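Protein chains in written order, with my numbering: chain A, 242 to 353; chain B, 7 to 118. One structure is given here, and the rest of the page talks about it.
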């Protein structure tokens, strides 16, 4: 079945620097790739998503890129701030009649 | 506020007991998902219901069961509780399967 691998498991960056989290999926039919952010003790919330008909999507300081050939997608956070500290989860799906398959999560630590 | 509600917020119970967690999805969402998140762990998918029927099963123990009612709310029943069942239990809902999931605030279960 579909598998999503997420790296790294922990990422520590200096405030103001960029952070990149990468996910690899196994099923080439996957076409929906969301990213969720979970702050400590809170619920996961969607921060950005991309569908397979586009290669990149941006929303202010965050962006997601998709490489369908290599079957990987990445989350990019620029100019990191303390409030970016959280666990980030990627996921992949083949569409509305299929489940979201989740990555294991990345703990992002922003050092002041 | 995601529109997904969960009750109770906190639950403290003893080993061997049985508890029921309740979830009401967003208006219009037909899918309900249950996740377990232990301390510093990822999201473990337990089970999904779609319009009253079980759609997918994850790593759900035999001691756990769930159902979705005609009004689309869902309940997760946990029985013969063990210390290791202590965790945050999230419910999420989506329009269909594989779509964006909206998470509830979670129920924190502590088994003593």
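Where a beta carbon is used, it is the ideal one built from N, C-alpha and C, also for glycine. For clarity, every value in this text was computed on a predicted model and none was experimentally measured.
Exercise for review: If I'm right that residue 326 of chain A touches residue 288 of chain A with Cβ under 8 Å, what's the distance once you round it to whole angstroms?
Suggested key: As a position in the first chain, residue 326 of chain A is number 85, starting the count at 1. As a position in the first chain, residue 288 of chain A is number 47, starting the count at 1. That pair is no contact at about 14 Å.
Check your understanding: Closest by CA to residue 251 of chain A, which one among B:76, B:47, B:114 and B:74?
Key -> What you label residue 251 of chain A is simply residue 10 of the first chain in a count that begins at 1. Checked all of B:76, B:47, B:114 and B:74; the closest Cα to residue 251 of chain A is B:47.
Practice item. In the DSSP assignment, find the beta strand (DSSP E) that holds residue 11 of chain B and state where it starts and stops. Key: Residue mapping note: residue 11 of chain B aligns to position 5 of the second chain, counting from 1. 11–13 is the extent of the beta strand (DSSP E) around residue 11 of chain B.
Exercise for review: Let me know the secondary structure DSSP gives residue 324 of chain A once reduced to three states.
Suggested key: Within the first chain, numbered from 1, the residue matching residue 324 of chain A stands at position 83. Residue 324 of chain A: helix per DSSP, three-state reduction.
Review point. Using 8 Å as the Cβ pair cut-off and three pairs as the minimum, do the stretch 19–38 of chain B and the stretch 311–324 of chain A touch?
Key: no
Check your understanding: Going along chain A in order, which residues have a C-beta closer than 7 Å to the C-beta of residue 62 of chain B?
Key -> One-based indexing of the second chain puts residue 62 of chain B at position 56. By Cβ distance, chain A contributes 340.
Point to revise | Cut-off 6 Å between Cβ atoms - residues of its own chain near residue 328 of chain A, not counting five sequence neighbours on either side | key: For the purposes of this step, residue 328 of chain A is identified with residue 87 of the first chain, where counting begins at 1. Cβ neighbours of residue 328 of chain A beyond the five flanking positions: 279, 346 and 348.
Check your understanding: For residue 78 of chain B, does the three-state DSSP call read helix, strand or coil?
Key -> Reading the second chain from its first residue, position 72 is the one you call residue 78 of chain B. Residue 78 of chain B: coil per DSSP, three-state reduction.
Check your understanding: Which bits of chain A does residue 103 of chain B rub up against, with CB to CB less than 9 Å?
Key -> As a working note, residue 103 of chain B is residue 97 in the second chain. In chain order: 334, 336, 337, 338, 339, 340 and 341.
Review point. Counting only runs that start and end within the stretch 264–329 of chain A, where is the beta strand (DSSP E) found for 3 or more residues in a row?
Key: 273–279, 286–292, 297–300, 303–308 and 313–318
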